[in-house]
Amino acid sequence: MNIITWLLLMFVVLLGTTANLSLKYGLYISSPTKGGSTSIRNLLFSRYFLIWFVCYTFMTILWLYVLRIIPLSQAFPVLGLMYALIPIASHYLLKEQVIFSQWVGISIIIAGVVLVVN
Numbered sequence: 021m022n023i024i025t026w027l028l029l030m031f032v033v034l035l036g037t038t039a040n041l042s043l044k045y046g047l048y049i050s051s052p053t054k055g056g057s058t059s060i061r062n063l064l065f066s067r068y069f070l071i072w073f074v075c076y077t078f079m080t081i082l083w084l085y086v087l088r089i090i091p092l093s094q095a096f097p098v099l100g101l102m103y104a105l106i107p108i109a110s111h112y113l114l115k116e117q118v119i120f121s122q123w124v125g126i127s128i129i130i131a132g133v134v135l136v137v138n
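Here the sequence shown stands for residues 21 to 138, where the numbers follow the numbering used here.
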């Protein structure tokens, strides 16, 4: 695989991570404890839902393109990086607590992806 292919695959991972964080943030700020409403309608018409939708749409289209270039046995494990990036990003951006065992798991996921793609 060349560098462009890897960048496309990493962009898929970043789009998925961004999509999940925006949806969580949209739910977070619309919670009653933050002065919002728990209405699904409010979430559906929020900018965070739009960000989620756009990111997932582009992620899916780009994923289909990447699958034409990269073998599934190499591309799919890289998607596992989302399982590592989402808790890291939610820790720093959403101030969620990540405990030691989760950090260990994140490290194992990253190591596993590195082993699988080499």
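Glycine included, every Cβ here is placed at the ideal spot set by N, Cα and C. Computed from a prediction, not measured in an experiment: that's the story for all the values here.
In the three-state DSSP reduction, Lys115 falls in the coil class, being neither helix nor strand.
Counting only the Cα atoms, Leu113 lies some 19 Å from Leu63. When DSSP states are grouped into helix, strand and coil, Ser93 belongs to the helix group.
In this model, Leu92 and Ile130 are separated by some 18 Å (Cα to Cα).
A contact is defined here as three or more CB-CB pairs under 8 Å, and the stretch 35-45 meets this definition with respect to the stretch 67-79.
In this structure, the beta-carbon distance from Ile108 to Ile126 falls below 8 Å. Going by beta carbons, Val133 and Pro97 fall inside the 8 Å limit. For the options Leu29, Gly36 and Thr25, the alpha carbon positioned closest to that of Ile106 is the one of Gly36. Around the beta carbon of Met30, a 10 Å sphere encloses fewer than 16 other beta carbons of the protein chains shown; the residue is thus reported as exposed.
Its Cα nearest to that of Trp26, the residue Ile89 stands out among Leu47, Arg61, Ile89 and Ala104. DSSP places Phe78 within a helical segment (H, G or I) once states are collapsed to three. Around Cys75, the same chain offers Leu35, Thr38 and Ala39 as residues with beta carbons nearer than 6 Å, after the five sequence neighbours per side are excluded.
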